[in-house]
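Before any comments, here is the structure.
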Amino acid sequence: MSNMEFKEQMHEYSLWRAKLIQGIEMYHQWRIRYDVNDTHSNNTILNVLKGLQTDRITLAFVAEFSRGKTELINSLFFAETGLRLLPSSPGRTTMSPTELYHDEEGGNYIRLLEIESRLEDISMAEFKNNTARWKQIDLDCNSPVQMQEAFKELIATKQVDRALADKLGLWNEREAAEQGIVNPEKVEIPCWRHALISFPHPLLKEGLTILDTPGLNALGAEPELTLSMLPSAQAVVFVIAADTGVTKSDMDMWRNHVCHARGGSKRGLAVVMNKIDAMWDDLAGDAGYHDAIKSQVKISATTLKIDESAIFPVSAKQALLAKVKGDKALLHRSRIDNLENYLAEGIVKQRRNILMETVTRDIGFLVNESLHLTESSLANGITQLEEFKKIDFQNQDMTGKLMAETRDRQNLYMSNIENFQASRRVFNVQAKMLIDSFSKERIDSIIKNTKHDMSKSLTTYGMKQNIRKLFDDLRDLLQESVDITNETRRLVKAIHKKFHDEYGFKEIEPQLFSIKQYQFELEQVFEEGELFRVSAKTTMTEQSVVINRLYSTLIAKARNILRQAHADAAGWSNGVLTPLMHQIKDHKKQIENRLHMLKKMNDSKGTVAENIASLETEIEPLKRQRSELMMMIKAMQIEISSEASK
Numbered sequence: 001m002s003n004m005e006f007k008e009q010m011h012e013y014s015l016w017r018a019k020l021i022q023g024i025e026m027y028h029q030w031r032i033r034y035d036v037n038d039t040h041s042n043n044t045i046l047n048v049l050k051g052l053q054t055d056r057i058t059l060a061f062v063a064e065f066s067r068g069k070t071e072l073i074n075s076l077f078f079a080e081t082g083l084r085l086l087p088s089s090p091g092r093t094t095m096s097p098t099e100l101y102h103d104e105e106g107g108n109y110i111r112l113l114e115i116e117s118r119l120e121d122i123s124m125a126e127f128k129n130n131t132a133r134w135k136q137i138d139l140d141c142n143s144p145v146q147m148q149e150a151f152k153e154l155i156a157t158k159q160v161d162r163a164l165a166d167k168l169g170l171w172n173e174r175e176a177a178e179q180g181i182v183n184p185e186k187v188e189i190p191c192w193r194h195a196l197i198s199f200p201h202p203l204l205k206e207g208l209t210i211l212d213t214p215g216l217n218a219l220g221a222e223p224e225l226t227l228s229m230l231p232s233a234q235a236v237v238f239v240i241a242a243d244t245g246v247t248k249s250d251m252d253m254w255r256n257h258v259c260h261a262r263g264g265s266k267r268g269l270a271v272v273m274n275k276i277d278a279m280w281d282d283l284a285g286d287a288g289y290h291d292a293i294k295s296q297v298k299i300s301a302t303t304l305k306i307d308e309s310a311i312f313p314v315s316a317k318q319a320l321l322a323k324v325k326g327d328k329a330l331l332h333r334s335r336i337d338n339l340e341n342y343l344a345e346g347i348v349k350q351r352r353n354i355l356m357e358t359v360t361r362d363i364g365f366l367v368n369e370s371l372h373l374t375e376s377s378l379a380n381g382i383t384q385l386e387e388f389k390k391i392d393f394q395n396q397d398m399t400g401k402l403m404a405e406t407r408d409r410q411n412l413y414m415s416n417i418e419n420f421q422a423s424r425r426v427f428n429v430q431a432k433m434l435i436d437s438f439s440k441e442r443i444d445s446i447i448k449n450t451k452h453d454m455s456k457s458l459t460t461y462g463m464k465q466n467i468r469k470l471f472d473d474l475r476d477l478l479q480e481s482v483d484i485t486n487e488t489r490r491l492v493k494a495i496h497k498k499f500h501d502e503y504g505f506k507e508i509e510p511q512l513f514s515i516k517q518y519q520f521e522l523e524q525v526f527e528e529g530e531l532f533r534v535s536a537k538t539t540m541t542e543q544s545v546v547i548n549r550l551y552s553t554l555i556a557k558a559r560n561i562l563r564q565a566h567a568d569a570a571g572w573s574n575g576v577l578t579p580l581m582h583q584i585k586d587h588k589k590q591i592e593n594r595l596h597m598l599k600k601m602n603d604s605k606g607t608v609a610e611n612i613a614s615l616e617t618e619i620e621p622l623k624r625q626r627s628e629l630m631m632m633i634k635a636m637q638i639e640i641s642s643e644a645s646k
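Using our numbering, read the sequence shown as starting at 1 and increasing by one per residue.
Written as C-alpha cells, this is what we have:
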C-alpha cells in the first residue's frame with residue numbers, strides 16, 4: 001500500500017466522520033421538532049457532537065536517539081515536500097516532545113515552550129491553554145525551505161550551569177562519566193521543553209496528529225508525557241535500529257514507558273526496525289540480506305516478547321529518497337509499504353470502530369427509546385382507528401360511554417402522576433447525596449492537605465507516603481459512595497417497576513450508575529506512578545523537580561477521575577428517569593388524542609366514512625415521524641435493538 005492510499009484511508013475516515021456528525025445533528029433536530037427533547041438528552045447529544053468534531057487520530061513515535069525516528073516520520077508523511085522537513089541528521093535530533101497537527105483557527109506556526117518551565121508546578125495542558133507562554137514562529141506553507149529552516153529551532157541547545165541542568169532533570173552524572181565528562185561547569189541542554197506545530201498538510205487536515213518524542217532521559221524526566229500523552233495516542237510506533245538490535249536503553253524504554261503506556265496491551269503498538277539498509281552485504285547478496293533481516297526480526301520479537309508480525313523492518317532513508325525521486329523499485333526495497341498498510345488498515349479502521357462504539361454507547365439508548373416511542377404511538381393510533389371503525393357512532397349513548405371511560409382513565413392517570421412526582425422527589429434527595437459524595441470541595445480539601453504535607457517532606461520516601469495517603473483518602477471517599485449508589489439504584493428500579501405494573505409501560509432496564517470504573521482507574525493511576533518512579537531511577541538521578549512533577553501529574557489524573565465521577569453521577573441522575581418521563585408524556589398524549597377523536601366523531605355532521613377518513617389522515621404524521629427517524633438511524637449507523645425494531 002502506498003502513502004497515497006494511506007491518505008485515502010484518512011480522507012475516507014474524515015468523510016465517514018462528517019456523515020456521522022450530520023446524521024446525529026439531524027437526529028437532534030428531529031427530537032426538537034417532535035417535542036421529545038430534554039435537557040439531559042440535549043447535553044448528551046451535544047457532547048457526542050463536540051467529541052466527534054474535535055476527534056484526532058494520534059500516532060506517537062518513540063525511540064532512543066539515533067534510531068532514525070524523525071527520518072521515518074519524514075518518509076511516511078512529508079516526502080512530497082521534496083525535503084527533510086523535520087530536522088533529521090546523524091546524532092541527536094528531536095530534543096523535545098513535538099506535536100504536529102492542523103489548527104484551522106490558530107493558523108500555521110511553531111510554538112515553543114522554554115525548558116525552564118519544568119521548574120513550575122503547571123501541567124502541560126494548562127500551558128497549552130496559555131499561548132502567551134510560548135515562543136511562536138510563523139510558517140510560510142508556500143515555502144518548504146522556510147519551513148525547513150524554522151524547524152531547525154526544534155533542535156536548538158544552550159549551555160547552562162550544571163546546577164540548573166540538575167534542577168531541570170537534565171544532568172546525569174553516571175552517563176556523563178561514561179562519556180568522559182567529569183564535573184563540568186557548563187552543561188548543554190535543549191532550549192525547549194515542548195513544541196507544537198500547526199500547518200495544513202493534507203493528512204493533518206484530515207485529523208491526524210503526530211507526536212514525536214525524544215529519548216529515554218526525556219521520557220524519564222517528563223511524567224506527564226509517559227502517563228498522559230502516550231496512553232492517549234491511538235497507536236505507538238516504537239523504533240529500533242536493525243544494525244544494533246534491541247539495546248539495553250531500548251529495552252528500558254520499551255518496558256518502562258511504551259508497554260506501560262498501552263496498559264499491558266499490544267493493541268495499537270508497532271515496532272519499526274529501521275536502517276535495514278545498513279545490513280546490506282554485497283558478498284552475501286539478496287538472499288543473505290533477507291535472511292539477516294529475518295533473523296534480526298526473530299531475535300527482536302523474542303527479546304520484546306511480541307509477535308514477529310508486529311515488527312516492520314524498513315529503511316526510512318531509502319523510502320524518503322525513493323518518494324522524492326519517484327523510484328518505485330527503491331520504494332519497494334525500503335519495505336515502507338507494510339508499515340503504511342498497518343497504519344491505514346489497522347489504526348485508522350480501529351479508530352473508526354472505537355468511535356462508533358462510543359457513539360452507540362452514549363446515544364444508542366436515546367435512539368432506541370425514540371424508535372420505541374414513535375412505533376408505540378403509531379401502533380396505538382392504528383389500533384384505535386381499527387377499534388373506531390367497528391363502533392356505531394350514530395349511537396350517542398355508545399359515544400358518551402366511551403368518552404366517560406376515557407376521562408376516567410385520564411383522572412386515574414393524573415392521580416398516579418402525583419405519586420410519581422413524590423417518588424421523583426425522594427429520588428432527587430438520594431441523587432443529591434450521591435453527587436455530593438464526589439463534590440469538588442471534598443476532593444480539593446483532600447488534595448490540598450496532601451500537597452501541604454508533601455511541601456514539608458524532604459525525602460522521596462516521605463513524598464511517597466504522602467501520595468499513598470492521598471490515594472487511601474480518595475479510596476475511602478469512593479467507598480462511602482458505594483452504599484449511596486446501591487440505594488439510589490434500588491429506588492430507580494422500584495419507580496420503573498411501579499409504572500410497568502400499573503400502566504403496562506414497556507419495562508425499560510434503566511441505565512444504572514456504578515463507581516467500579518472510577519475505583520479501577522484510581523488504582524491504575526497509583527500503580528502507574530509507582531512504576532514510573534522506579535523506572536525513573538534507572539535513567540536519571542532522582543531530582544526533586546521530577547518527583548514533584550510526577551506527583552503533580554498523579555494528583556491531576558486523580559482529580560480528573562473524581563471530577564468525571566461527579567459529572568457522570570450528575571448526568572445519570574438527571575437522565576435516568578427521562579425514558580420513563582417520555583413514556584408518561586406519550587401515555588398522556590394518547591389519552592388526550594382518544595378524547596379528541598371521540599369528541600370529533602360525536603360532534604361531526606358528516607358520514608362515518610368521512611370521519612374515519614379524516615382520522616386516517618391524522619396517522620400520516622406519525623408514519624412520517626417514524627420514517628424520518630429510520631432514515632437518521634441509517635445515517636448514524638447505530639444498531640437498534642431487535643425489540644425496538646419490531
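We put the CB at the ideal spot given by N, CA and C, even for glycine.
Predicted model, so just to flag it, every value in this text is computed and none were measured.
Between Ile-115 and Leu-168, is the Cβ-Cβ spacing less than 8 Å? The answer is yes: Cβ separation under 8 Å.
Starting from the C-beta of Glu-120, find all residues in its chain whose C-beta is less than 8 Å away, skip the five residues before and the five after it, and write them out in chain order. The beta carbon of Glu-120 sits closer than 8 Å to no other beta carbon from its chain once the five residues preceding and following it are set aside.
Cβ-based neighbour list, Asp-243, same chain, cut-off 8 Å, excluding 5 preceding and 5 following: Apart from sequence neighbours up to five positions away, the residues of its chain that approach Asp-243 with a beta-carbon distance below 8 Å are Lys-275, Ala-278 and Met-279, ordered along the chain.
Compute the Euclidean distance between the alpha carbons of Asn-74 and Leu-100, then round it to the nearest angstrom. The straight-line gap from Cα to Cα measures roughly 12 Å.
Return helix, strand or coil for Met-540, following the three-state DSSP convention. Annotation note: pLDDT 46 at Met-540 (below 50); position unreliable, coordinate value reported separately. Residue state, collapsed to three classes: coil.
In the DSSP assignment, the beta strand (DSSP E) including Val-272 goes from what residue to what residue? 269 to 274
Uninterrupted alpha helix (DSSP H) stretches inside the segment 182 to 252 (no shorter than 4 residues): 202 to 205 and 216 to 221
Beta-carbon separation (whole angstroms), Thr-661 vs Thr-209, contact threshold 8 Å: Because the chain is modelled from 1 through 646, residue 661 falls outside the range shown and cannot be assessed.
For Thr-539 and Asp-252, what's the separation of their Cα atoms in angstroms? Residue placement at Thr-539 cannot be trusted, given a pLDDT of 46 that sits under 50; the coordinates are not used to answer.
Beta-carbon gap between Leu-491 and Gln-430 smaller than 8 Å: yes
Can you tell me whether DSSP reads Gln-136 as helix, strand or coil? strand
By the DSSP assignment, the alpha helix (DSSP H) with Leu-366 in it spans what residues? 349 to 389
Closest by CA to Leu-474, which one among Val-239, Lys-440, Met-454 and Tyr-289? Lys-440
Taking 8 Å as the cut-off, does the segment 185 to 192 touch the segment 155 to 172 (at least 3 CB pairs, one atom from each stretch)? yes
Range of the contiguous beta strand (DSSP E) that encloses Asp-161: 157 to 161
Under 8 Å: do the segment 375 to 382 and the segment 34 to 53 share three or more Cβ pairs, one atom per stretch? Short answer: they don't touch.
Kindly indicate the opening and closing residues of the beta strand (DSSP E) around Phe-61. DSSP places Phe-61 inside the beta strand (DSSP E), whose first and last residues are 57 to 63.
Does the CB of Lys-464 have a neighbour CB from chain B at under 8 Å? Absence of chain B from the displayed structure is noted, only one protein chain being present.
Could you give the first and the last residue of the continuous alpha helix (DSSP H) run that contains Tyr-289? 285 to 304
Measure from the alpha carbon of Phe-127 to the alpha carbon of each residue in Glu-224, Leu-269 and Ile-347, then state which is nearest. Glu-224
Which first and last residues belong to the alpha helix (DSSP H) in which Leu-112 is found? Taken as a continuous stretch (DSSP letters only), Leu-112 belongs to no alpha helix (DSSP H), being part of the beta strand (DSSP E) at 109 to 114.
What does Ile-311 pair with, by DSSP beta-bridge criteria? Val-271
Could you check if Leu-102 is buried or exposed, using at least 16 other CB atoms within 10 Å of its CB as the buried criterion? Looking at the sequence itself, residue 102 is His, so the reference to Leu does not match. Classification for His-102: buried.
Exposure of Ala-79, with buried meaning 16 or more beta-carbon neighbours within 10 Å: That one is buried.
C-beta atoms of Gly-23 and Met-398 nearer than 8 Å: Taking the C-beta atoms as reference points, Met-398 is found no nearer than 8 Å to Gly-23.
Could you tell me which of Asp-140, Arg-33, Lys-298 and Glu-104 sits nearest to His-204, measuring between CA atoms? Before going on, a small fix: residue 204 reads as Leu here, not His. Comparing Cα positions, the closest option is Glu-104.
Using the three-state DSSP reduction, which class does Glu-153 fall into: helix, strand or coil? helix
Alpha-carbon spacing of Asn-348 relative to Met-10, whole angstroms: Note on identity: in this sequence residue 348 is Val, with Asn being the wrong assignment. Those two C-alpha atoms are separated by around 7 Å.
Three-state secondary structure (DSSP) at Leu-86? coil
Measuring alpha carbon to alpha carbon, tell me which residue in Ile-110, Gly-51, Lys-135 and Ala-322 is nearest Leu-76. Ala-322
Quick check on the DSSP output: the beta strand (DSSP E) that includes Glu-99 runs from which residue to which? 98 to 101
Measuring only the C-alpha atoms, how far is Lys-432 from Ile-515? 16 Å
Straight-line Cα distance separating Ala-558 from Glu-542: Residue confidence is low: Glu-542 scores 47 on pLDDT, short of 50, so the model does not pin down where it sits. No coordinate-derived value is stated.
Please classify Val-48: is it buried, with 16 or more other beta-carbons within 10 angstroms of its beta-carbon, or exposed? buried
Quick check for students: name the residue ranges of the beta strand (DSSP E) that lie wholly in the segment 310 to 347, counting only runs of 3 or more. Annotation: the segment 310 to 347 contains the following complete segments of the beta strand (DSSP E) (minimum length 3 residues), in chain order: 311 to 313.
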